[in-house]
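Take a look at the structure set out below.
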Amino acid sequence: MSLLDLSLSSLPLEAVIDPYPLSVAPDTTLSEVIRLIAQEAGCDCTLGLSDTSTKSCHPLPDWRLMKQARTSCVLVMQGMQLLGLLTEQDFVRLAALDINLDALTAADVMTRKLVILNASDCQDVTIILNLFQQHGIHHLPIFNESGYLLGIVTPQRMRHLLQMTDVMGLHSVAEVMTTQVICAPPTAPVQKLAQLMATHGVGYVVIVRQREQGTGETVTDLDFSSVLSFRQFPIPMGIVTADDIVQFQTLPLDFQQLDAQTVMSSAWFSIRADDFLGTAYQRMQQWHTQQLIVLGNQGEWQGMIDQDSLLRAINLNSKTFSFLNPILPSISPANAELTPKTDTQSQLILSQGGFCTNDTINSDKKIPKPAPTNQVPYEGGEGSTLNTQHSAKEHLLYSISSRIRQSLHLEDILKTTLQEVREWLQVDRVLIYRFHSDWSGTVMVESVGAEWDSLSGVVVHDPCFEKTSVESYKNGRFQATADIYTAGLTPCHVELLASLQVRANLVISIIKDDELWGLLTAQQCHAPRQWQTSEIELLQQLAVQVGIGIQQSSLFEQVQTELIQRKRVELELQQAKQELERRVEERTAQLQQSNQKLQHEIAERQQVEIQLRQKLAAIEATTEGIAILNAKGEYTYLNPAHVQLFGYDTSEALLGKSWRHLYPPEEITRFERDIFTILQQQGYWRGEAVALRQNGSKFAEEVSLTLTPEGNFICICRDITQRQQTEAALRTSEERFRSTFEQVTVGITHTGWDDRFLRVNQTFCDIVGYTVDELLTKTFVDITHPDDVDGDKYYVNQLLAGEIKTFSMEKRYIRKDGSIVWVNLRGSLVRKSTGELDYFVGVIEDIRDRKRTEAALQESEQRFRQLAENIHEVFWITDVAKSQMIYVSPAYQQIWGRSCQSIYDNPLSFVETIHPEDRERVMAAFAKQARGEYHEDYRIIQPGGEQRWIRDRAFPVYDTSGQVYRIVGIAEDITEYKQAEQEIRQALAREQELNELKSRFISMTSHEFRTPLTTILSSTELLKYYSSKFTEEKKQIHFERIQSNVHHITQMLNDILLLGKAEAGKLDFNPAQMDVRQFCQQLVEEFQQGIGHRHSLCFTHQGQLTPVSLDEKLLRHILGNLLSNALKYSPIDRPVCLELTCRHNELIFRIKDQGIGISETDQQRLFESFHRGTNVGNISGTGLGLSIVKKAVDRHGGTINLESKLGVGTTFTVVIRL
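Here it is as structure tokens:
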């Protein structure tokens, strides 16, 4: 796959987001957060208290690395809202400050100012890389557009998902490596390491030691409190990461006492500076490590490669894509320049910094040390076999060191370890030997071939060892013996080794806490063996790991011991606490028992004191005066009420003084003479007296005196002046009540709870005809009419229940003589001060006269109702304000069309029925009703819309004081009267109009007759006197004139006679078959030759014209009159047309002219007799023609219509159905 295909932009955002990050609530304690992180990691740290012997010893898989990335931070969430972040650095800072994690919550230390990214703003992952580098962060929350958290992105996740080998193949390690590394010596406390990480913001600290100088002395550990270049510490021993610090916080460890070399990870892997980054990435993937040491060409330590380095490489590579793309096809993955190197220069760094070049080394010689330079030795060589062996050795050492660090059961792990080492070295035996205090020792663990004796548990003692070898082994010396018989060993040593079946021997010291703890030995039993440098290095490195494992195991045992001791102490404390509580309970019980009696006595005494205080408080608070006097009569105590009663301010004014200061002389004499004698005899006296106040005024008091056995006096007194006044007022009131009770004009009774009369007045006796003594022996039930008893008791029960305070009812009593008397009873009850019933009070009014009046009124009302409800007029009664309709007769419903109840509910509802044109006038006339002047005619509209005429009259009704208190009225329907009146008016108007028409007719006919008669007379006289002188032609003119006027008079007389017949209903109608077309044609020709000879007449016809049955004479009147009028009222130059149409069994005649026209006003009366248009001027006419036409058309059952416009012309249309 080409580099171009693996562009960073091709990686989707969803792939790099961890959607399930760890999260906690803000109130979660930090100790709980630490436990959550450890639980998510899936295992405890190397110093954990759980059994980890079964954990895998293989390199961490990718999912474990992803878990490490997930546990590197924790989100602090409030519901769905992100509040902050907790990272490894936060816990490192807390460890640096040695803060108790149980005392803080996540919200106390979380990072609140966060760098976040919206998914919509991220086109590719290079934006995330830029944010990592720009802000120096390792955790980036991602949100969607709705503000919902999608997850978090970390460098580890990006590195895991990117194809790093190809992406980084174009850059060398030297371009991005870190050249400044935070370092610390192996003796540095873990808390100091945390402080360094927190101060410099780094995720790890490298543990280093300086090389030995040429003198052979070891340089003292340097100061670790400042940032030191890695070049000052040429030999790295291990590393402690922030993740380690977080994991250690789950254990009860003292970070100030725990040193770095105890907890550091000592397995290191290296890379050359000129190697490609792809090689570094492969190494990290292969060994699942987060850091690599960078070596120069000479093996010198030049820097470190870590996560930040890879991010810088990715960012750097993303900037080079633009110019690399054109040349990528020419570069092959097989190209040597792009192929990652796999030479042996990438190898495991030796913790001890030394290696062996001799085949055999005596115990007296030291291993040669390299020159004092800042270099880390490494093996050269190009052979593939050597590379393979070297890689296998690295794998073996890494797996062994991992198992040792991850296990607390060190002996089991060491057995497996020695077995693997023996197999890798191909030796007969490998063992670990532990020294005792006398430098003898025991073989603790071994791996031995089946054909050789086991030395496990064998105790070996070499007397010469303490003297000759202890110090050299402490200083890191080792012994490599190829053959015990040729190595120049002492005879006793050879004998010892031979007895143990040893032929070749390689011995490495095991150091723990800078002391010689034991030996790691590889032995060849069957033959001599030349020990190789790599074999010596392997055992040296393994010895270092064994020493670390032993130290960790010791620390674990120490922690276990401390925990057991702590639990034992806690148990002892718990037992001691329980014993103490038991003793306290026993002592408490004794004290309680001994104090119960005392408490009881105290309680009784306190109770007595309380009672005394209460009594004294009561005496002090009472409104009655209380005083105590001695045998001499002097005051020894006075309560405030007594002092105030006599008008003093304080009791001191009377203490020690005699009672005689408070009474007048006559009272003093009475007390000394009468009262003290009774007091001495009976010991008690109570009565009334007159006392003196300080100001000299007198008042009445009630006094109680008691003589005590000691001879003292107790005086209780109260002012009774008001009581005496009240009693006097009560007596006066009682006398007044009795006077009223007896003299009132109504009956009054007092009745007890048993219904018996307690008191009655004389008026009540007169009403019922009994005496007082007789009534006091009876109950009210005894004299009540049986039909009224239940009603009476009903009200009594309501009074007793408190439902009513008084009641009023009309009832009947049975008099002593048996007669019935009607009364009005108003009842109430009187209660005692306790609320109990005292008696009922009844006030009885004799209503016999009112009842007789009501009966008479009822009879009168009945007669009135019979009268009112049987007349057709509406009889009504209202109050003066018209707020109440007292009565309305049933005729209202018949005339108004509305229910009587509607006007009872709303007395003014009838106003809405008045015609809008009359309503205002009628309402304005309401004020006349109280004066008796109301007389109005108006229209109403019934619910169905019909209008009725109403004549409404009203008059007032006066009470005894002369005030109007009722309005009585009567309304009648006068619609028929109004209609008759209207018809009379119309008849009168018609008669008047006829008279006018007759006058006009007479005037017209006289004119019409006079004119032709005058013409006839004139012509006849001329012919009579001048006939001899006239020519024949002139005579003929006069004869024709006479003849024409005679014809005109004849026609006018015929019209009058015909109209008379029509008005009388005697117009003859004689239809017969005729040819209408021919008739019309002839009629037009007649007019053309006659009066229309100077006009243009036309005739047209349409339709199938067959003979029809018509009255020819009447048809001539119709068409003749219409044509005559058209010719008469049209100019000579304007045509007149007759159109005949036959269609749909109808004959249609149209006479059209272009004459003077007829106004709309005249059209409405055009067919009335003698009516002529107002615009005819001097044109002669009788006004009968159109009236005759209308009558003739009606006789044919036809219709006549006209369309006319002044100055334009007129069209008459006659339609006759066939």
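Our numbering numbers the first residue of the sequence shown as 43 and each following residue consecutively. Glycine residues also receive a C-beta, built at the ideal position from the N, C-alpha and C atoms.
In the three-state reduction of the DSSP assignment, proline 278 falls in the strand class, which pools E and B.
Under the DSSP assignment, tryptophan 938 falls in the alpha helix (DSSP H) whose first and last residues are 933 to 938.
One thing to note: valine 134 has its Cβ no nearer than 8 Å to the Cβ of isoleucine 170. The DSSP-derived three-state label of glycine 689 is coil. Here the region 1230 to 1249 makes contact with the region 1194 to 1203; the two share three or more CB pairs at distances below 8 Å. Beta bridge pairing from DSSP links glycine 1132 with no other residue. In this structure, the alpha-carbon of aspartate 1117 lies about 5 Å from that of proline 1149. If you draw a straight line from the Cα of glutamate 465 to the Cα of methionine 200, it is about 40 Å long. Apart from the 5 residues on each side of it in sequence, isoleucine 983 sits with its Cβ closer than 7 Å to the Cβ of Thr955, His957, Gln989 in its chain, given in chain order. Using a 10 angstroms sphere on the CB of phenylalanine 779, the tally of other CB atoms stays under 16, which defines it as exposed.
In terms of CA proximity to glutamine 340, Arg314 leads the group Ile347, Gly320, Arg314, Ala322. Membership of aspartate 1195 in any beta strand (DSSP E) is not indicated, and neither H nor E is assigned to it by DSSP.
Residue pairing by DSSP places leucine 182 opposite Val195 in a beta bridge.
The three-state secondary structure of serine 496, taken from DSSP, is coil.
Nearest in C-alpha terms to phenylalanine 849, of all of Glu978, Val838, Val549, Asp69, is Val838. Look at lysine 835 here: in three-state DSSP terms it is helix. Rounded to the nearest whole angstrom, the CA to CA distance from lysine 858 to valine 810 is 6 Å. Secondary structure note for phenylalanine 133: its alpha helix (DSSP H) is the uninterrupted segment 130 to 139. Of the candidates Tyr1068, Glu1074, Thr1062, Thr1062 places its Cα closest to the Cα of glutamine 1085. Beta-carbon to beta-carbon, methionine 152 and serine 351 are separated by about 28 Å, too far to satisfy the 8 Å threshold. Inclusion of alanine 148 and valine 247 in the CB contact set at 8 Å is not warranted, their separation being larger than that value. Counting other Cβ atoms within 10 Å of its Cβ, cysteine 534 stays below 16 and is therefore classed as exposed. Of Thr793, Val823, Ser925, Glu676, the smallest CA-CA separation from aspartate 947 is found for Ser925.
In this structure, the alpha-carbon of arginine 1136 lies about 57 Å from that of lysine 1020. By the neighbour-count definition (other C-beta atoms within 10 Å, threshold 16), valine 732 is an exposed residue. In the assembly as shown, glutamine 594 is a buried residue. Its beta-carbon has 16 or more other beta-carbons within 10 Å. Each residue's CA atom was taken as its position, placing phenylalanine 520 and valine 549 some 6 Å apart. If you look at asparagine 912, you'll find it isn't in any beta strand (DSSP E); DSSP assigns it neither H nor E. Contact fails between the region 583 to 591 and the region 610 to 619, because fewer than three Cβ pairs, one in each stretch, are under 8 Å apart. By the criterion of a C-beta distance shorter than 8 Å, aspartate 796 is surrounded in its chain by Thr821, once the five residues flanking it on both sides are discounted. In the displayed model, tryptophan 466 falls within a helix according to three-state DSSP. Counting other Cβ atoms within 10 Å of its Cβ, glycine 121 stays below 16 and is therefore classed as exposed.
Within the model, the alpha-carbon separation for valine 831 versus serine 875 is close to 30 Å. The shortest CA-to-CA distance from tyrosine 527 to any of Val512, Leu1161, Asn547 is the one to Asn547. At the C-beta level, leucine 1260 and leucine 1189 come within 8 Å of one another. When secondary structure is reduced to three states using DSSP, phenylalanine 311 falls in the coil class, being assigned neither helix nor strand.
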